[in-house]
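S.K.: Here the sequence shown is numbered in this note's numbering, starting from 668 and rising by one per residue.
Ideal Cβ positions, reconstructed from N, Cα and C, are used throughout, including at glycine.
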Amino acid sequence: MYFDNCKMSSYPIFNKQSKWEQVLGYLLALFLILNNQTVFQNSISFNYHIYEITLLLIIVTTLYQIEKYGIYENKFKSLLNLSFIYYVYLSIISIASVGVDQLVSFWARYASLPFVFFYFSSNASYIVKIELFRKVVNVMVVISCISLFFWIFGSTFKMITPTGVALFEWGTVNEVSSYFNIYFETQYVDWLGIDFFWRNTAIFVEGPMMSLTLIIAITLIYYFDDIWHIATWKKFILAFAIITSFSVTGYFILWGFVVLKLYRSKKFRAIMIVMLIPLSLYAIQVMMDMKQSTGSYSLREDDYYVGFITWLQNPIFGWGFNNWEALQANMKGRANDGFSNSIFSVLTQGGILMGLMYFIPILIGITSKEFKRFVVCIVYAILFISIIFQTAYVNFFLFCLMIPYFIPSPQKIKG
């Protein structure tokens, strides 16, 4: 049944998924991760069609969810109206900021957001709706275990040798060592004078992208763990993988979650406040020193300056989707080796008009008067400012996590 005119008297918590749903959910979780700047997505030796498969899985999973669980008619109509407004908004961006040759790419990247809205608006139980997030965590645990094995015994101690090479484009064309095509050596550690130690980048193009996806998993655990009760060993694996990625942004956010965890312990709260304030300040200083000692720090710092200057030259509509020429023109005295943050990638390409798509969910979440959702929004904002991933489909699912209408607080559901 598609529609149900009855009003919800309560929000059911438990509902068992079929095997088909489990398989479909894990496939979507896997491809949301593969879509987040992995070697497979950026491969130039073989087209894995990651974007196309991920988009197809989003559509199929949403339609299956609506078909099986139905959707309240009034909610369906509201979402149709919201979708219409959103597509008008995309059309305005298309006219103002998208070249004819980029129209298909633009709509393929952004037209799927209403499907994600519908996904989280069906009559399925709360547990079923957030199960996809738990699957993302589980897939990242598996990826972390595999990567830690090869990082320790291959990259670090050389007990295992690479089995091949992989070619991918990330700023420039990169040829990297591959271990059975499930782990890649893509980047050295480049801070504190260390340049002979491999980062654990797993299947991702660089350490920050590995750290980004791990931080997303850690954030999901933080928000839903009152319901999930994720095993401690899984949390440890994810945290250890972040540490081995040698991403200062990852360290900073991980430390923040440790502080929040200790602060929630009433038994040690007073002691922790006294100890953690100076420790946190010291840790931040150390991490900033580490970040400033990296070979990429000056480039990233320059990216903010170049991005800001380029955006100011056309602040409302930007210079065009996937148009990097304006940025490159302002990168004086520097080779074109890519760009490093999402915020100015969005603002320089689509201006404030396109930026609203990302800023509105953050503002809604921050003003929701819910502390955990506030933390999620702050983490997302930090990632958005520091790492480039604005066209990844996982953004749309994080938008829904930041908006209470689509995903209510777990505490409210339990309470």
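Give the straight-line distance between the Cα atoms of residue 922 and residue 901, rounded to the nearest whole angstrom.
M.R.: 17 Å
S.K.: Would you mind working out which of 981, 975, 689 and 1007 sits nearest residue 794, comparing C-alpha positions?
M.R.: 689
S.K.: Thinking C-beta only, is residue 787 closer than 7 Å to residue 887?
M.R.: no
S.K.: DSSP three-state label for residue 1071, please.
M.R.: coil
S.K.: Consult DSSP for residue 797 and reduce its assignment to one of helix, strand or coil.
M.R.: In the structure shown, residue 797 sits in a helix (DSSP, three-state: H, G or I).
S.K.: Evaluate the contact criterion for the segment 813-833 versus the segment 694-705: three or more CB pairs, one atom per stretch, below 8 Å.
M.R.: no
S.K.: Could you check which residue in 711, 806, 1038 and 841 has the C-alpha nearest to that of residue 854?
M.R.: Sorting 711, 806, 1038 and 841 by C-alpha distance to the C-alpha of residue 854 places 841 at the top.
S.K.: Any idea if residue 1039 is buried or exposed, counting beta-carbon neighbours within 10 angstroms, 16 or more meaning buried?
M.R.: buried
S.K.: For residue 831, which beta-bridge partners are listed by DSSP?
M.R.: 845
S.K.: Counting along the chain, where does the beta strand (DSSP E) carrying residue 850 start and finish?
M.R.: 850-852
S.K.: Based on the DSSP output, what are the partners of residue 710 in its beta bridges?
M.R.: 835.
S.K.: Can the beta-carbon of residue 1041 be found less than 7 Å from the beta-carbon of residue 1033?
M.R.: yes
S.K.: Is the beta carbon of residue 1018 less than 7 Å from the beta carbon of residue 987?
M.R.: Not a contact, by the Cβ cut-off of 7 Å.
S.K.: Should the segment 823-830 be regarded as contacting the segment 874-884, the criterion being three or more beta carbon pairs within less than 8 Å?
M.R.: The answer is no - the segment 874-884 does not touch the segment 823-830, with fewer than three Cβ pairs under 8 Å.
S.K.: Do the segment 1053-1061 and the segment 703-721 meet, that is, are 3 or more Cβ pairs less than 8 Å apart?
M.R.: yes
S.K.: So what's residue 715 in DSSP terms, helix, strand or just coil?
M.R.: coil
S.K.: Which whole-angstrom value is the C-beta distance of residue 1060 and residue 729, which I expect to be below 8 Å?
M.R.: Rounded, the Cβ-Cβ distance is 12 Å, inconsistent with contact.
S.K.: Using 10 angstroms around the beta-carbon of residue 732, count the other beta-carbons present and answer buried if the total reaches 16, otherwise exposed.
M.R.: buried
S.K.: Apply the 10 Å Cβ neighbour rule to residue 808 and answer buried if 16 or more other Cβ atoms are within range, or exposed otherwise.
M.R.: buried
S.K.: Determine the DSSP secondary structure at residue 922, reduced to helix, strand or coil.
M.R.: For residue 922, the three-state secondary structure derived from DSSP is helix.
S.K.: Exposed or buried, residue 899, counting other C-beta atoms within 10 Å across all chains shown (16 or more means buried)?
M.R.: exposed
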